[in-house]
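To start, the structure under review is shown below, and the notes come after it.
Residue numbers (our numbering): 6 to 251.
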């Protein structure tokens, strides 16, 4: 693990060196944002495949409803019919998980790298990249130099989360959350799911600032990416898999 962290730290430092002429003292923070964008760009083809799967899932929703009605008293036959439909239409009910799984190692590396001492001294304006929101509160309060950096991040996250919340509610209204078979607790999940976009606020508050930058950048990319992928010809967007929201 130490060898991986060392290699990752060297990569961040090299990116920061390249950005130094443009960003001066915030070059390391800019390097984190750039690294996040490169990671998201690398998994974009998988996100496009996920979007195609969600569009297909929306397209077959009427057939799923007909199957539920036809086999309402035979759950086993319903599961088989739904599986056959998904196979025929090449639709996976779990589309979207893989892009998030591939991003997880990058986030964990960022978290561990800036939790240690190697990257000490790097800051985003007045906020050390290895510190947490609690550190900012204890050194100047919420409106102190470091606290104001977090206020900007919180405002950005809240704006993106509100956008995602509204889209998710509209999606669920147009296409109720359903996997083609009776789902215990589906009503509760449908109520809670739109609120999960605001969980990023908690993440930003508790992880090192460097990891928070990764999360904020990635979340903003996700919102913009989904708007782009579903922009054409008024295509309907199905409910996003939970794993794609981070």
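Idealized CB from N, CA, C, for every residue including glycine. None of the values given here were measured: they were computed from a predicted structure.
Selection from the options that minimises the alpha carbon distance to residue i
i, options, result
"residue 17", "76, 62, 114", "114"
"residue 214", "140, 172, 169", "140"
"residue 212", "173, 172, 133", "133"
"residue 265", "10, 107, 167, 37", "Absent from the structure is residue 265, since the part of the chain shown begins at 6 and ends at 251."
"residue 70", "58, 87, 61, 82", "87"
"residue 233", "38, 56, 44", "56"
"residue 108", "159, 45, 125, 146", "45"
"residue 129", "112, 28, 89", "28"
"residue 36", "92, 21, 43", "21"
"residue 112", "228, 165, 51, 217", "217"
"residue 105", "236, 226, 235", "226"
Reduced DSSP category for residue i - H, G, I as helix; E, B as strand; rest coil
i, result
"residue 132", "strand"
"residue 115", "helix"
"residue 233", "helix"
"residue 77", "coil"
"residue 146", "coil"
"residue 185", "The predicted model places residue 185 with a pLDDT of 45, which falls under 50 and marks its position as unreliable; any figure quoted below should be read in that light. DSSP places residue 185 in coil when its eight states are reduced to three."
"residue 65", "coil"
"residue 126", "coil"
"residue 121", "coil"
"residue 213", "coil"
"residue 91", "helix"
"residue 168", "helix"
"residue 49", "helix"
Please determine if the stretch 70 to 81 and the stretch 15 to 32 are in contact, where contact requires at least 3 C-beta pairs separated by less than 8 angstroms.
-> no
Is it true that the stretch 147 to 164 meets the stretch 48 to 65, where meeting means three or more beta-carbon pairs spaced less than 8 angstroms apart?
-> no
Within the stretch 11 to 38, ranges of the beta strand (DSSP E) (whole runs, at least 3 residues) | none
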